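For reference, the structure discussed in these notes is given below.
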Amino acid sequence: MLEQILMIEKARENCRADSRIIAAIQYGSFVQGEGDEYSDIEFVLFIDDESIDSFDKKEWVEKINPAALFFADDIGHYTTIFQNLVRGEFHFIPVSHMEIVRTWKGNAWFPSLEKAILVDRHGELSKLLQPLTGSAPERNLPEMVQSLIPNFINWMLFGSNTLARGEYARSLELLNSTHRYLLKFLRLSEGKTDHWPTPSRCLEKDIDKHSYERYQRCTAGLQPDQLRQAYLESWSWGVEMMQKAANIHDILLPDHLISDITQRQLSYFGKREEI
Numbered sequence: 054m055l056e057q058i059l060m061i062e063k064a065r066e067n068c069r070a071d072s073r074i075i076a077a078i079q080y081g082s083f084v085q086g087e088g089d090e091y092s093d094i095e096f097v098l099f100i101d102d103e104s105i106d107s108f109d110k111k112e113w114v115e116k117i118n119p120a121a122l123f124f125a126d127d128i129g130h131y132t133t134i135f136q137n138l139v140r141g142e143f144h145f146i147p148v149s150h151m152e153i154v155r156t157w158k159g160n161a162w163f164p165s166l167e168k169a170i171l172v173d174r175h176g177e178l179s180k181l182l183q184p185l186t187g188s189a190p191e192r193n194l195p196e197m198v199q200s201l202i203p204n205f206i207n208w209m210l211f212g213s214n215t216l217a218r219g220e221y222a223r224s225l226e227l228l229n230s231t232h233r234y235l236l237k238f239l240r241l242s243e244g245k246t247d248h249w250p251t252p253s254r255c256l257e258k259d260i261d262k263h264s265y266e267r268y269q270r271c272t273a274g275l276q277p278d279q280l281r282q283a284y285l286e287s288w289s290w291g292v293e294m295m296q297k298a299a300n301i302h303d304i305l306l307p308d309h310l311i312s313d314i315t316q317r318q319l320s321y322f323g324k325r326e327e328i
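Structure below.
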């Protein structure tokens, strides 16, 4: 049995035994049935308001397994690297803030309540999670495409400008940011949207071989020529998929802006290499 499974069961036992924890869920790979030996374990704990200030987070986490590192990270939760090198992510939230679950709609979803919930003493968490339970939410919606279009255009122009300036390291970072939107367009195009929140996840399995090879041409190291071709390829493919998605949903694209950026890229980087 995987160490992570044993740790999840230990967390479940500890949640049920600790009356300060009013409700708790796990999320991530193991809830989705995709966990393996490389996967993290991830939890949200709703703590009694009167106990939250005195709740020793590290002490509680170490009841699951000894921690080599425990810290508040930059994105709002506590990260643990256990001594067995399993990563854990923990959210400790006052129970009075449980309504935050409503804001997860569109990002989080759970195949079943049974897989997600560790403890729910009052039944309120189950009610809040019910709308997020079942099949993965539909992503190929007009409002979703409307959001992707300006974000992709913005990051592409931002990165192209830094590349033209000669900031190769920065433009590589921005290229990776751009790819988040490129891959979402790709997932819409191929109907492979289960891994929507992290669009690079399981890409090797989710998309067809031709698309994966084309995505490879959108990537680069720090070599200037590689970066130029990656930006040209990413923009060309992104425009193709934007047009396809816009046609499906009858969305008006900013064609003049797209043309201007295309011309600027040609002046900066030259033509794409035809494969």
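According to our numbering, the sequence shown is numbered sequentially starting from 54.
Note that CB positions come from ideal geometry on N, CA and C, so glycine has one too.
It should be emphasised that the depicted structure is a prediction, and the values quoted were computed from it without experimental measurement.
In the displayed model, residue 257 falls within a helix according to three-state DSSP. The DSSP-derived three-state label of residue 175 is coil.
Scanning the stretch 273 to 327 from its first residue to its last, the whole alpha helix (DSSP H) runs of 4-plus residues come out as 277 to 302 and 308 to 322. Contiguous alpha helix (DSSP H) elements confined to the stretch 152 to 237 occur at 166 to 169, 177 to 182 and 195 to 218, taking only those with 4 or more residues.
By alpha-carbon distance to residue 255, the top candidate from 89, 230, 278 and 223 is 89. Per DSSP, residue 144 lies in no alpha helix (DSSP H); the unbroken beta strand (DSSP E) holding it starts and ends at 140 to 147.
If you compare the alpha carbons of 226, 143 and 57 with that of residue 137, the shortest gap goes to 57. If the five residues before and after residue 211 are omitted, its C-beta is found closer than 7 Å to the C-beta atoms of 227, all from its own chain and listed in chain order. The beta carbon of residue 321 lies closer than 6 Å to those of 217 in the same chain, with the five residues before and after it left out.
At the C-beta level, residue 97 and residue 150 stay beyond 7 Å of one another.
When rounded, the separation of the alpha-carbon atoms in residue 154 and residue 170 is 13 Å. In this structure, residue 252 keeps its C-beta atom at 7 Å or more from the C-beta atom of residue 262. In the DSSP assignment, residue 269 falls within the unbroken alpha helix (DSSP H) covering 262 to 269. Where residue 55 is concerned, there is no enclosing alpha helix (DSSP H), because DSSP gives it neither an H nor an E.
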